[in-house]
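Per our numbering, the very first residue in the sequence shown carries number 6; after that it's consecutive. Ideal Cβ placement from N, Cα and C applies to all residues, glycine included. Written below as structure tokens is the structure these notes are about.
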Amino acid sequence: MEFLYITIAVVLAIIIYAVISYFRIKKAVTNLTQEQFIEGYRKAQLIDVREPKDFAAGHILGARNIPQSQLRQRYKEIREDKPVYLYDQNGARSGRVAIFLKKKGYNQLFQLQGGFKQWTGKIKAKV
6 MEFLYITIAV VLAIIIYAVI SYFRIKKAVT NLTQEQFIEG YRKAQLIDVR
56 EPKDFAAGHI LGARNIPQSQ LRQRYKEIRE DKPVYLYDQN GARSGRVAIF
106 LKKKGYNQLF QLQGGFKQWT GKIKAKV
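And the structure:
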């Protein structure tokens, strides 16, 4: 019986954490469809937050690679006065990056809904 209560408590904690994370991300960043993303990313800073090996395998044309793992050291490379368009492989990391940037004073944050794996536009890859 005690095991059941512990299991229920853990499941509830996970659900609460997921709901809080969802609302924090929703407050920090605007999700854009690929069409909306294409409309604005050329006038913005396009940041790929995946690791360098993923970036090298293929990325959106014109993107800069600032991996999430290096963000704390490199976030000042991103201008606060211009929109920031973020993407990762599937949308999870870019949301966390947006929360971090929001705390640092960035306000124009957008992310590609579904991430790079949903992208059908132009890409560049190292051969």
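Quick one: what does DSSP say residue i is sitting in, helix, strand or coil?
| i | result |
| --- | --- |
| Tyr92 | strand |
| Ile71 | coil |
| Lys127 | coil |
| Leu9 | helix |
| Ile65 | strand |
| Ile83 | coil |
| Lys109 | coil |
| Gly45 | helix |
Could you please give me the residues that DSSP links to residue i through a beta bridge?
| i | result |
| --- | --- |
| Asp59 | Paired residue(s): none; Asp59 is not in a bridge. |
| Thr35 | Phe115 |
| Gln50 | Val89 |
With a threshold of 16 other CB atoms inside 10 Å of the CB of residue i, please say whether the residue is buried or exposed.
| i | result |
| --- | --- |
| Tyr27 | exposed |
| Val34 | buried |
| Phe8 | exposed |
| Val15 | exposed |
| Val102 | buried |
| Pro72 | buried |
Among the options, which has the Cα closest to the Cα of residue i?
| i | options | result |
| --- | --- | --- |
| Gln116 | Ala130, Thr12, Pro88 and Leu17 | Pro88 |
| Glu85 | Ile43, Leu37 and Ala49 | Ala49 |
| Gly96 | Phe105, Phe121, Gln75 and Asn70 | Phe121 |
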